[in-house]
Amino acid sequence: MTELWTLIKYLILGLFQGFTEPIPISSSGHIVILKNLFDLEIKGLSFEILVNFGSLIAVLLIFRHDIIRLVKNGVIYITKRDEKAKGDFQFILFLIIATIPTGILGLLFEDIISETLSKPIVVGYTLLLTGAALWVIRNLRGRKNDGDIRVKDALIVGFAQAVALVPGISRSGATIVAAMLVGMKQETALRFSFLLYIPVSLGITMLSFTDIITDPNFDAMAIPYLIAFMASIVASFYALKWFINVMAKGNLKYFAFYCFIVGILVILFI
């Protein structure tokens, strides 16, 4: 019975991580809250890496047409200097530029974030911060399309993603807020945010692959981890499709309300 309950806990963790990764309410914050509620001490980073990789698979599936077009046109521009493909080539460069702040700050402050800031009380306050940011941009309607993005815009969004390394600060929320504050249309902000998630998540997975292999707890926890991984793929896929529709309707204020409510509850009771 204990083993079954453990599997159920990891299934719930995978579902929550997957569902909350694409939407602006912080997956890392919810994992911290659930681990506290379930009294789970997950040693090492294998679990976080696997469930985030599950979310990455979902993002790749949904944005596959954009990815194929960008790669194809990027190669065409590099090899043939076709001006029609220049916009997509520049979009790729801006994604690379926006990835740099997260990579640098992640390497510098990973230990501080994982050891000092991964506490429920911190998550409570950072959820309130996420909610406030979403509330500020709830009615913004930008003018910038993919071809209007500049280096400054990419760096601002990149630094916003780096701030989201702190649990409770939503990655998608921070990047979409920053993108809309610099004037991007909602559709462009959403696309840039989730295509930006790909190199960061892929890089973390590749760099941490040896950590998974050498994790002494991995063999014993392989089945729970696998269940959480599969749950993360499914939940992320459907959550992202739903969130795309929500963004199209401009209903970000409801996510702000959610962050306010959960943040206050966490501060008061956990």
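In the numbering used here, the protein residues as written are 55 to 324. We put the CB at the ideal spot given by N, CA and C, even for glycine.
N- and C-terminal bounds of the alpha helix (DSSP H) containing residue i
i, result
"Lys134", "118–134"
"Phe311", "307–323"
"Asp265", "263–268"
"Ile274", "Ile is not the amino acid found at residue 274; the sequence shown has Ala there. Neither: Ala274 is in no alpha helix (DSSP H) and is coded neither H nor E."
"Lys198", "Lys198 -> no alpha helix (DSSP H), and no H or E assigned at all."
"Met325", "Because the chain spans 55 through 324 in this model, residue 325 falls outside it and cannot be assessed."
"Ser81", "81–92"
"Pro174", "174–190"
"Ile77", "Run containing Ile77: none; DSSP gives neither H nor E here."
"Ala218", "Where Ala218 is concerned, there is no enclosing alpha helix (DSSP H), given that its DSSP letter is neither H nor E."
8 angstroms Cβ cutoff met for residue i and residue j
i, j, result
"Ser109", "Ser262", "no"
"Gly212", "Thr153", "yes"
"Leu306", "Ile122", "no"
"Val236", "Asp207", "yes"
"Val105", "Ala282", "yes"
"Ser331", "Ala112", "Given a span of 55 to 324 for the chain in the structure shown, any question on residue 331 remains unanswerable."
"Thr229", "Lys198", "no"
"Leu249", "Phe117", "yes"
"Gly185", "Met238", "no"
"Ile132", "Val205", "no"
"Ala276", "Val231", "no"
Reference residue i; option with closest CA among the options
i, options, result
"Asp120", "Gly304, Leu219, Asp142", "Asp142"
"Leu209", "Leu147, Trp59, Asn106, Asp273", "Leu147"
"Asn127", "Asn90, Leu114, Phe145", "Phe145"
"Ala214", "Leu249, Pro155, Trp189", "Pro155"
"Ser255", "Leu319, Ala216, Met238, Thr268", "Ala216"
"Thr259", "Ala228, Ile158, Ile103, Trp189", "Ile103"
"Leu244", "Gly304, Glu164, Leu65", "Gly304"
"Leu124", "Ile167, Ile158, Leu149", "Leu149"
"Asn299", "Met284, Leu280, Leu69, Gln240", "Gln240"
Simplified DSSP state of residue i, which is helix, strand or coil
i, result
"Met301", "helix"
Sequence-distant residues of its chain with Cβ nearer than 7 angstroms to residue i (five each side left out)
i, result
"Gly83", "Val177, Thr180, Leu181, Pro221, Gly222"
"Pro174", "Val86, Ile87, Asn90, Val320, Ile324"
"Lys97", "Asn271"
"Ala302", "none"
"Phe92", "Lys63"
"Leu171", "Val220, Pro221"
Cutoff 6 angstroms; reference residue i; Cβ partners in own chain excluding five residues on either side
i, result
"Leu194", "Met234"
"Asp136", "Ile130"
"Gly317", "Gly178, Leu181, Leu182"
"Leu69", "Ala285, Ala289"
Proximal residues to residue i (C-beta, below 8 angstroms), its chain only, five neighbours per side dropped
i, result
"Pro76", "Ser109, Ala112, Val113, Ser226, Phe248, Ser290, Ala293, Leu294, Phe297"
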